[in-house]
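For the sequence shown, the numbering used here begins at 9 and goes up steadily by one. Each residue gets a CB set at the ideal place from its N, CA and C atoms; glycine is no exception.
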Amino acid sequence: MNKKSVLWLLLDLIFLAVFDVVFFFVGGGAHPASVWVSFAFIHIAYVMVVVTPILTRKCKSASVFGFSLYNISTIYFFIEYVVGIIFVLIGSAEMGAALVVQLIIWGIYAIMLIANLLLNEYSGEDEQKQADGEYIKNATSRVSMLVDKASDRKAKKVIEKASELLQASPVKSDKSLKTIEAEIMARVVEIENALDEDDGAAAAESANKLIDLVEKRNKKLKRLS
């Protein structure tokens, strides 16, 4: 845990520290069951506000869905805080009403939170699929343009083969293939640079390396499927 995380944790704990001090200082330590039930639910609600950002998937839509999730947890906390304080002030010896009401509120919150978390996960998966598709489109588009740019016959033939192989490659990807995909893009850049310098031999060599990498990627992806 770094210094920033520690400072945020300390900041988050201020409310609980102040609330608990006031609670025990004003009311003492002897309370009926309904008060302790409310005390516990208030703490649960606040803890959920603190941990909600951790639950948010790290994706492009994280800020959007993170805001939504945080809103849900914050609204739940304020509702629970008001309801909990009411039951604390009432101080009933029977805990049934306090438990049922706050359990219902928690259940509604849990359903909304989990539903949004699932939506967040599906959104993250869609973004990953879109990113994978963009990688193939980008590589294919760039290599296709290089076919016309190549003046050397041998280089042109190899680059054309690489282009066809890329076009036939699956758009989906996997985390284990990121290194190979980075090498593929590096080879594409090498071909571009070689053609800019009118070096057909270097372009053909890089294109052959590109073909090997694309075939290696496709084979690994097939094994993962």
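- Message: Considering Cα atoms alone, identify which of K157, I219, L232, D207 is closest to S181.
- Response: L232
- Query: Can you name the start and end residues of the alpha helix (DSSP H) that M193 belongs to?
  - Reply: Here the alpha helix (DSSP H) through M193 covers 186 to 204.
- Measuring CA to CA, which of Y78, S42, Y54, F86 is closest to F95? S42
- Query: Under the rule that 16 or more other beta-carbon atoms within 10 Å means buried, what is V151, buried or exposed?
  - Reply: The residue is buried, with at least 16 neighbouring Cβ atoms inside 10 Å.
- Message: Suppose you measure from the CA of F73 to the CA of N124; what does that come to, to the nearest Å?
- Response: Confidence at F73 is low in this model, with a pLDDT of 49, below 50, so the placement of that residue should be treated as unreliable; the coordinate-derived value is given next. Approximately 8 Å between the Cα atoms of the pair.
- Residue range of the alpha helix (DSSP H) that includes K162: Where K162 is concerned, the enclosing alpha helix (DSSP H) starts and stops at 161 to 175.
- Query: Do I199 and V222 have their CB atoms nearer than 8 Å?
  - Reply: no
- Message: Given this structure, state the Cα-to-Cα distance separating V55 from M103, to the nearest angstrom.
- Response: 22 Å
- Between the C-alpha atoms of S159 and V166, what's the straight-line distance to the nearest angstrom? If I take the Cα positions, the gap works out to 12 Å.
- As assigned by DSSP and simplified to three states, the class of H39: coil
- At a cut of 8 Å, does the segment 205 to 215 reach the segment 181 to 190 through at least three beta carbon pairs? No, the segment 205 to 215 is not in contact with the segment 181 to 190.
- As assigned by DSSP and simplified to three states, the class of S71: With a pLDDT of 48 at S71, under the threshold of 50, the modelled position of this residue cannot be trusted; read the value that follows with caution. Three-state DSSP puts S71 in a helix.
- Among the residues of its own chain, which have a CB less than 6 Å from the CB of S100, if the five just before and after it don't count? Once the five neighbours on either side are set aside, the close Cβ partners of S100 are S42.
- Task: Classify K164 as buried or exposed, calling it buried when 16 or more other Cβ atoms lie within 10 Å of its own Cβ.
- Result: buried
- Task: Could you give the DSSP three-state label for V29: helix, strand or coil?
- Result: Judged by DSSP in its simplified three-state form, V29 adopts helix.
- Under 7 Å Cβ to Cβ from S71, same chain only, skipping five residues before and after it: list those, please. Caution applies to S71, whose pLDDT of 48 falls short of 50 and renders its modelled position unreliable; the value that the coordinates give is listed next. Around S71: no qualifying Cβ.
- So E223 is in the alpha helix (DSSP H); what residue range does that whole segment cover? 208 to 232
- Message: Could you compute how far the alpha carbon of D28 sits from the alpha carbon of A53?
- Response: D28 and A53: Cα-Cα distance of roughly 14 Å.
- Message: Which runs of the alpha helix (DSSP H) at least 4 residues long sit entirely within the segment 46 to 130? Give them in chain order.
- Response: 70 to 98
- Is the distance from the Cβ of V57 to the Cβ of F85 below 8 Å? Using a Cβ distance threshold of 8 Å, V57 and F85 count as a contacting pair.
- Message: Is it buried or exposed, R161, if we count other Cβ atoms within 10 angstroms and call 16 or more buried?
- Response: exposed
- Can you have a look at A38 and say buried or exposed, based on whether 16 or more other CB atoms are within 10 angstroms of its CB? exposed
- With a 10 Å radius around its C-beta and 16 neighbouring C-beta atoms as the bar for buried, classify A176 as buried or exposed. exposed
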